[in-house]
Structure formats: C-alpha cells, structure tokens
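Working notes, structure below.
Residue numbers (my numbering), protein chains in the order written: chain A, 1 to 784; chain B, 785 to 1215.
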C-alpha cells in the first residue's frame, strides 16, 4: 500500500493554530505512508496538480487529505483522484479546520495533538477503503403527471414543449381542477377559465401529451428512471372520438335529473352530461350513480357515440419521473355546526359563490339569495372557516381565502353597488405581489371590515339569518341580520393524498399535505428520488405559486432525465447471505422498501438503496454492511482514536452526514470554541450506529459516546433517526442495567443551525464525564 | 342549447290508454316504442314498485279502501316522471307490470329481475291435487289416460266388492279421472287444510269391479274382489302439468299439497311475517277482511280457537313477503320484513349502481335518490328588442373648413428641420 498524505495549511486557517510541520514529522513514521507533504492550499490548481504528479511519480494508490470539511471539497479531491488515474473512492478527507483549528484556537497544543489523532483515524479507514464503481442506468425519458389542475397543466406543457413525452392522469372527467370552476382570479380579476382554457386545449392537442381522464393510478412499481405505473380508466360509456360534446340531444332526452357535482349542488344536470361547458376533453359521460338504463340517450345521439358496453381499461405506463400535482379539497363547512351550513340554504361557501358569479354557473352569473331568489341586500363573509382552527383539526392557514373573499366582495360590489358587504375577519393576509394594494382598493370600494371571530349563525322567529360576532375594534359583542352568509372555507389535503403517498412511499406533514425534501431549499422535491410535487398538493397556495411550482417540477424532471442516463450512488447496503437468517427485520425497518426477503435471504435493491445504514444497524446477525462506511472501517477509526488516550475524558462521537456534521462545521465557521476532548467519526445517518460501535468504543477506553442526528421529523432519510433513537435508548437502558452509567451515551437531535447548542452540549458532556470519572469508575465504586 | 330542435333530433312523446283492467303507458320516439302494461286487477298494492322507482313516478293509491272493495288502481303513475326503465316490471312479484321494448335498446339480459321459479320434477305422476288446490287457478293438468269405458265396456251383471282404504288414500284423484265411479267430494282449500277434497266415494251403481283401478292407484288404496276377466291392462299414468307464469305468485300451495314432493318453488324474497301482538285485538277479521282479499298467497285465516289475542292467524310458509297486507290493514296488525331478494345477475353497465340500489332498497327501505333540493333556478333574461338607430344630421361645411387647416398642420410636420428640432428638444427634456 502506498499512501500519500497531504496536510493543508489553508493559508493561516489551519497553520496558525495547528503545527503542520510537527504533524508532517509524526505522520511520516506511520505504517504504509509513502509520502507526506504540507501544502498551502491543497484545493488550488497547484495543490491539485501536485497530487496528480505525486501519484504518478510515487505510484500512490490512495490519498489522505487533512484539510477542511469533506462537505466542502470531498468531490473536488475525488475528481483529482480520478484525473490521477485512481478510483475516486480511494480518498479520505480529515477535517482539521472546521472541527479542529477553528474550534480550538484557545488550545493550539491540544489542537495539534488532536489533528494527529484525527489523521491516524483517517489512515485507519483509508487502509480499508475499497474501490467502488459508479454504474450508469438507462432511463426512460417519459414523465407522468398525476393531476390535471393548473400546476399539472403547467408542468405538462413545459415538458411537452421541451420534447418529453408526458402522460397526464386526472380522476375527474375534465382537466382544469378547481381553477376552471372559479369566476375571476386575484389580483387582476382576470376571468379564470379564459386564461386557463387555452392551456387546457393545448394539453389535449399537444402531440407529446397523452391525457387520461376519469382515470386513477392503481399501482406504481420501480425506481427513479424506471417507474412502471398502472392506470385504470373508468368507462364514460361515450366514445371519445365520436362525441361532439354538444349534449343537446342526449342530455335533452335523459329524464334523470341529478345535482351538478361541479356546481356543488346549486345546479341541476342530467345523468348524461358534460362536466362544465369548457370541459377538456369535450366529451359527455354517464353518471353511474343515477343512470337507470332507459336507453334513450343512445337512440338520440346523432353521432352514435354512446356505448353501454364500454369497459374499464387498464394501461401500464413506463416513465422516468413522476410529478404529483393532486391539488386540494375544500373543507366541509358542515363540520362547523355553529355556522348552520347545510341546515339553512342561505349560508353558502366561497366556492359556491364563485359558481353563482360564474357566467356558466347555475344562475348564469346572477347572485341571488337561495331562499328568495332575490338579489342580496346584506352579505356577510366569515373568514377562517376550517382554517387556523384546532377544533376541526386544521391549525394551518389556507393562505388564499383572505384574497379570495376580497375578490368576491369586489365582484359583488361591482355588480350590485347597492348591496352592503361586510367581511368578518381575524387577520387579513395579503402578502403577494400587488395584494396589499388590492386590499386597499377593496376598502375604498366601501366594503366593511369587522375584526373579530363570528361565533354563530342563527335563525330568528321569521327565519331570517342573524350573525353573532365580536367586534374587537369597537370592543363589543353584537349581532346583525344578513340576507346571505358566505363562509370562506379553507383547503385540506385530497382523499387521494393517502393512496398516492402509500404507493410512492411519500411522507405527509402533520397538516396532511405532502412533505417536501427540505422546507426551505427544496420546495418541489419529495423525499423519493424521481418524484416531484407541485401546487396545492404540498400545501395551500395561490395560482401564481402553483404555476411556478409546475414549471419548477418540469425543469427538475428535465434535469434528471435529459441525459438519458443516471449514475447510481455506490453508497448502498450489501448483504452477506451466509449470515442472513431471514428474520425479516431489515424488510420491516427499511421504510423505502429497498431491502426484501427473497428466497429466504435478504436482498438489497442496490441501484436505489438510499444508503442510510439503518438495516445494517438493526440486523441481529450483522449480515448487512454498508459499502462505504463499512463496519470494519468504523471499528478501525474507533481503535485508532483510542490507541493513545491523549486526554481525559475522551469522547467518541458519531455524527450524521446531514444535519449534525454540518452543525459541527458551522460551529467552526462561527469560531465557537469547545473542549478538544471529542473525536468525530462521520456516518451517513445516526441510524447507522450499531450498538456494537458504542460498546467497542467504551470497551477500548472511551469515557463517553455522543451520537448526533437530525432533529426528529427532519431526518434526511425520513424515519431513520426514530429507529436510531429507539435502538440507542434501549442501549442506554441495557448499559445502566449492566452497571455502566447510561449517561456515558449521549443522544443529540440537532439541526444544522444550532451550532451554539452543539458547542455547549460538548462542554456539558465533558463536565459530566469529569464528575463521573473514567470508564469503569462507577463499576469499581459500586463494587465497594 | 338552442330552443328549436333540428329535423333529425329525437323527440319523446308519452301516451296512455286503457283497456279493460289494463292501463297501457307508452313512450314513443321516431326510433322506438316502449309499452308499460299495468293490470290493476292483478296488482295487490304491495308497493314494491313504488319503493324502487328511481324517479318517484309511482304512488300508492287507497289500498285500504281497495282491499275492502273499492274499484280503483292500487298504483298510480305520473307519466311525466316515468322514464320507462323497467324496474317496476322486473320486480313485481305478481307480474302486474309488463314492459315491452321495441327499438335498439339494451337486451333484457342487461337488466336484473326477480329470480323466482316453479319447477315440476319427474316425481310428478301427474295427479289432480295441485290444479285443484292452486288459489290463483294458475295450474292446468292435462291427462293422457284413456277412460275406463274405452278399455272395458260396462258389465251390468258383474258382481263384487270395492273398498277404499281411507288411511292409504291421499286424495290424488287419479281414479276419478280414469273412472266415473269414483266421486271426489271437493272442498275449499284453506291455509290450514290445503287438500281440495274432503271425501272420496265410490258410486257402486257405476262400478263393474273391472279391477283396472287397483293398479292405477299409486298408493294401493283400492281393494276389489269379484268382477269378470277381460284381459285388459291398467294404462300408465301420463299427463302434463302447465303452470301459467303470469298467474303464478309462487305461494307454494301446490308444493305443500303435493304428496310426491314433485314441485320445487323458488320464492322471490326471503323474510319474516309477524303479527304485532298489541294490535291484534284491534283486528276485525269478519268485518274488515282486507288482508284476506289482498294476499296473493291467501295465507290468512281465522283460527279455530280464536280469542281477543288470537283473532287472526297466518301460514307463514306460503308467504312471499310482498308486504301487500301491511298496506291494506287499517289497524297495523302485521309486519313484513325482507332479508333477501332473489334476483338474476346484475351485468356491468352504466345503470348497474341504480339497479343494485333498487334491489337493496327492497330489504333496507333506503333508496339513493339524486338530491337536487339545493339547486337554484332563475328565469332566463330576454334581451331587449333591437331598434334601428337614427344617424345624426351634420352640416358638411364644418368639415370642409377644417380640412384646410389640417393640411397646414400636416405641412409643418413634414418640415425636416422642424421635426429635428422638436425631437432634440424632447431629448433635452428627457435627460
């Protein structure tokens, strides 16, 4: 073995605290080290070239770089290795800057010693690294868009225009979603369907888009780049290529009247009809809930488009990426019993008001009080119905209802200047572009705003509506009579959210909407590679944001699939079948479903394994190991760290690659100082920590072990830190029962930004361990 | 949608006419005719059709009065609402509704119907019992047996004895079909005594002890001695039982009266018929008689040991659970519930859900009707009438005067120097 070690000065960042010359002297004498150099800036062109030349000249077969955080330059040095002709995974980076020189500036002696110790740990691992190959997989360039609302339409059109073939699956008989049902949209008061219909038509006509309506997804198998999707299309009983969408004949002779689903019950339709006048595709469908089989529509249709024998169709599609744009569902106002929705016809929701305002709605654009059919004289809007409300299980804000009510109030006032309109609100949220100006305009139109929660709607002796409310600005509780009460209902996740999340292994937040990979930095990625989410499926938002996210998911899909192939990540799990007892624990633990028992042995889907390592830590026979961060490598690091116990107490720490390692780096960037007593070992996830590692560490002289992972609920691998918590807390109990103080194992769930907490945790731990004494102290003391 | 219809669009017309006891409702289009025939005398007013009609086009008439003598149709149809789907005709237990379809409609097998049947198996001789017992006169038995006279002519001088073993005789009546010497004394069949005969006698004046009847009797109940040798053999029993499906209500009287277990009846419904004990004292069986009149199975009777709490009784095996009695009874004396509907397969079609719901509603009494109560309808606005506009009259000399001045202005702007200065000025202002 010919190892080359490069100790970086990083200018003065490392060199002014850590004595790099001393390090060179000490490292030169270590086994297998053929060459040690110290370099000003290893990442610079000169530094990189130096390494490449050395590899050629000295025949180096693996290199160690003691410098900054691997999170910064690991990829850089992997590229260097590749250029030098080595396998890129035969490189180890040791962090002597963020996690050494920057945090121990008050103790340069110890910092240098710690630096040496860290390099020894790095070498121990480097000796055991094996070359790893990156495979390329051919990907299918088709994309599936689930949901035909505005977000899905935008995504589909962007993809189609870029030359990608798109399948759009929509469960209703028409695309357009909720936006197609609205009247006008804020803040421009554009006619909603007028701006959407051209896009809907384009989707239907585009040669690159295949549209499935009245269809649902029943199964999704496979992985990023190669998904296999089963779509079931319910029969319309009308032939799409023959129906002209006129519905003059079939609908006219049908004698079964049904409540119009897209008018929310305020209009009547026949059992055979077209969903909305601008439906895409413009084809009729038979409502199977109410058709009685009289057979007249078939006789009446002049194009012979009706086929009672049409059957359900199942199609299997192959796609490379999936965009979930399933939208939202409106809160059922009947759940707020105090507002009497459903018990009195004059109480309607904002969506029902939109349908009344809409020229293709049940009243052709006339807003009337349902019970009297007259123009309303006094209208009340009640905000936050079903939102910001713990009592109905929706603590979230639905974001758009304030603007929506302002818009409806403006439209009502424009059409009926004599009508008095009052909005009863808690807060007015008008946070978008030109939204606040819209709010001012609404006020200037003479619409009244009363701040205070509306408590209930009751009927007086004459059957008229009375609204009881609080007016916080006047500081009174009072009541008023209204003709029409409009409830601004909030958004909830759709029923299909649960089915889709089960099929794809997507996770949902506490509010029920799909969760995204990172709340700030990755708004349209889901936790599953190859699956993107857009629009209200991930939470309430306005149309502009839905369209933006639709475009974003299209761009992400193109980025993923454009080259036609994907590289696999070699950081996966591997099974030693000889040790496997097929207990099935790994299958249960892996929430991504990437390890399964087949033929009585566990098998890993190496192409798509996420690499968290939870299965490996859980396996009772140690049959599972990780290709990079093997058990052997980790044990070697532990032994190397404890070879010489340079200080008391000595803490071995396992940090997860995502939140906790970054947090430790941030502590360095912020120049926080903490005691030198800690030796950090990097793993992909806290879930990787096998209790065996902890025991090995303690047994070789570590006084304490710190395991840090992402905050619960924010794990990069979604569920793995819960698994880690369970496992390690059990270990704590076992240790306590065997006489070792459980406090020697500390668990820390921390997010990247909490570097202060990280530093103070180490200080506390060191103090605790000083009190406790060296490992074994409590055993002896208890014996006495 | 335009107000006028094009020439080749379908128009639907509905008509009704009546003949005898039949109301015939028709739905006529250019391409089809559907005829729904309702025989109001056959109808028992059970109301099952009213329950299942998806558009609430049927309504129960005055059943209580009809059961006690009023001549009126038990079920009234609102022709406007009826869509001629055929649910009523497919589920009427007594076949009072019959739908006939002419035109390109889905076939009959595309709609489920009541699956009730009656079958005669080979154990049937035949004999005379079922025909006589059937309360609806739905059974007709035709015998293919030669009469005794055709085989052996009457021998005046014959002497002998003939005796019927009353214990063995099951009143099948075959002997009486064969030979006039046997006399079956008929009686009314009742729910508790289904036999249509009360006695069998031999008229010895007509008997010549030919002994042919001995072998004919399936129960070996006849003993004959004496007579003369004639060398004739007893003919084999041949015949056929015909049951009129339109008249048969599947009450199963025939099955119960048949001594040979030759009839198997599949009833349309399974369920329970119970008397409400606290209402029985209100019952007036002799004065009212409604349930007796209306029941298609004729299972009601006044028990022998009747008292205040035992005024009326039922033979539940005969019940088909149609529920007509419940509608007819003015005192709410009985309760009928159905637990199962026997029906043919519901094929996959756009209307399967509604038909399945209809069948379930016969058991649960809950029907899924489309709820259009919240719909708002307002009158269409008629646009104002168009009036031709009047063009204003203006003196053309004004325009002519203006034209001169305008041309001067044009020439100014055609001056290049002027324009350049103008634009330069503008630039200065802007900077």
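The beta carbon of each residue, even a glycine, is placed where N, CA and C say it ideally should be.
Rounded separation between residue i and residue j - CA only
i, j, result
"residue 472/A", "residue 344/A", "28 angstroms"
"residue 1195/B", "residue 1179/B", "27 angstroms"
"residue 785/B", "residue 251/A", "Model confidence at residue 785/B stands at a pLDDT of 41, short of 50, so the residue's coordinates are unreliable; what they give is reported in the following sentence. In a straight line, the C-alpha of residue 785/B is about 10 angstroms away from that of residue 251/A."
"residue 806/B", "residue 1031/B", "15 angstroms"
"residue 22/A", "residue 66/A", "14 angstroms"
"residue 227/A", "residue 233/A", "19 angstroms"
"residue 126/A", "residue 639/A", "14 angstroms"
"residue 300/A", "residue 271/A", "14 angstroms"
"residue 434/A", "residue 187/A", "7 angstroms"
"residue 327/A", "residue 143/A", "18 angstroms"
"residue 788/B", "residue 302/A", "Any reading at residue 788/B must be qualified, since the residue scores a pLDDT of 48, below 50, and its modelled position is unreliable; no value is offered."
"residue 541/A", "residue 339/A", "25 angstroms"
"residue 788/A", "residue 609/A", "Residue numbering for chain A in the displayed model covers 1 to 784; residue 788/A lies beyond these limits and cannot be assessed."
"residue 1023/B", "residue 903/B", "15 angstroms"
"residue 596/A", "residue 218/A", "22 angstroms"
"residue 866/B", "residue 839/B", "7 angstroms"
"residue 374/A", "residue 368/A", "5 angstroms"
"residue 734/A", "residue 741/A", "10 angstroms"
"residue 284/A", "residue 688/A", "56 angstroms"
"residue 614/A", "residue 710/A", "14 angstroms"
"residue 123/A", "residue 37/A", "15 angstroms"
"residue 607/A", "residue 41/A", "36 angstroms"
Selection from the options that minimises the alpha carbon distance to residue i
i, options, result
"residue 846/B", "830/B, 954/B, 837/B", "830/B"
"residue 111/A", "709/A, 742/A, 673/A", "673/A"
"residue 636/A", "117/A, 107/A, 105/A", "117/A"
"residue 452/A", "770/A, 69/A, 428/A, 441/A", "428/A"
"residue 946/B", "1168/B, 914/B, 1102/B, 991/B", "991/B"
"residue 289/A", "276/A, 283/A, 269/A, 304/A", "269/A"
"residue 769/A", "527/A, 53/A, 744/A", "744/A"
"residue 34/A", "16/A, 737/A, 48/A, 57/A", "57/A"
"residue 1139/B", "809/B, 862/B, 872/B, 974/B", "872/B"
"residue 147/A", "200/A, 193/A, 136/A", "200/A"
Contact belief for residue i with residue j at Cβ below 8 angstroms, rounded distance in angstroms
i, j, result
"residue 1059/B", "residue 1117/B", "6 angstroms"
"residue 409/A", "residue 447/A", "5 angstroms"
"residue 752/A", "residue 698/A", "The pair is not a contact, with the Cβ atoms about 28 angstroms apart (cut-off 8 angstroms)."
"residue 424/A", "residue 466/A", "About 13 angstroms separates the two Cβ atoms, so there is no contact after all."
"residue 861/B", "residue 880/B", "Wrong, their Cβ atoms sit about 12 angstroms apart, outside the cutoff."
"residue 128/A", "residue 94/A", "About 15 angstroms separates the two Cβ atoms, so there is no contact after all."
Alpha helix (DSSP H) segment containing residue i, residue limits
i, result
"residue 639/A", "631 to 642"
"residue 723/A", "720 to 737"
"residue 505/A", "Careful: residue 505/A lies outside any alpha helix (DSSP H) and carries neither H nor E."
"residue 438/A", "435 to 444"
"residue 1182/B", "1180 to 1198"
Run of the beta strand (DSSP E) containing residue i, from where it starts to where it stops
i, result
"residue 451/A", "448 to 451"
"residue 279/A", "From DSSP, residue 279/A is part of no beta strand (DSSP E); its letter is neither H nor E."
Review point. When Cβ atoms are compared, which residues of the segment 675 to 692 of chain A fall closer than 9 angstroms to chain B?
Key: For the segment 675 to 692 of chain A, the set of residues with a beta-carbon nearer than 9 angstroms to any beta-carbon of chain B is empty.
Check your understanding: At a Cβ cut of 7 angstroms, what residues of the segment 255 to 280 of chain A count as close to chain B, listed as they run along the chain?
Key -> Answer set for the segment 255 to 280 of chain A: 255, 256, 257, 258, 259, 265, 266, 267, 268.
Review point. What residues from the segment 872 to 900 of chain B come within 9 angstroms of chain A, judged by C-beta to C-beta, listed N to C?
Key: Considering only beta carbons, the part of the segment 872 to 900 of chain B lying closer than 9 angstroms to chain A consists of 885, 887, 888, 889, 890, 894, 895, in chain order.
Point to revise | Under 7 angstroms (Cβ pairs) to chain A, residues found in the segment 795 to 821 of chain B | key: Taking a C-beta cut-off of 7 angstroms against chain A, the contacting residues of the segment 795 to 821 of chain B are 796, 813, 815, 816, listed in chain order.
Check your understanding: Using a Cβ cut-off of 8 angstroms, which residues of the segment 1131 to 1151 of chain B contact any Cβ in chain A, in chain order?
Key -> Listed by position along the chain: 1132, 1133, 1134, 1135, 1136, 1137, 1138, 1139.
Check your understanding: Between the segment 332 to 346 of chain A and chain C, which residues of the former have CB atoms less than 7 angstroms from a CB of the latter, in chain order?
Key -> Reference to chain C is not applicable here, since the protein chains of this structure are A and B.
**Study point:** chain A contacts made by the segment 1157 to 1176 of chain B, where a contact means CB separation under 7 angstroms
**Key:** Correct list: 1158, 1159, 1160, 1162.
Point to revise | Residues, ordered as in the chain, of the segment 1093 to 1126 of chain B that lie near chain A by beta-carbon distance below 9 angstroms | key: The residues in question: there are none.
Practice item. Name, going along the chain, the residues of the segment 361 to 384 of chain A whose beta-carbon falls closer than 9 angstroms to a beta-carbon of chain B. Key: From the segment 361 to 384 of chain A, only 362, 363, 364, 366, 368, 370, 373 have a Cβ closer than 9 angstroms to chain B.
Practice item. Closer than 8 angstroms, Cβ to Cβ, to anything on chain B: give me those residues from the segment 299 to 321 of chain A, in chain order. Key: Against chain B - using a Cβ distance shorter than 8 angstroms - the residues of the segment 299 to 321 of chain A are 299, 300, 302, 308, 309, 311.
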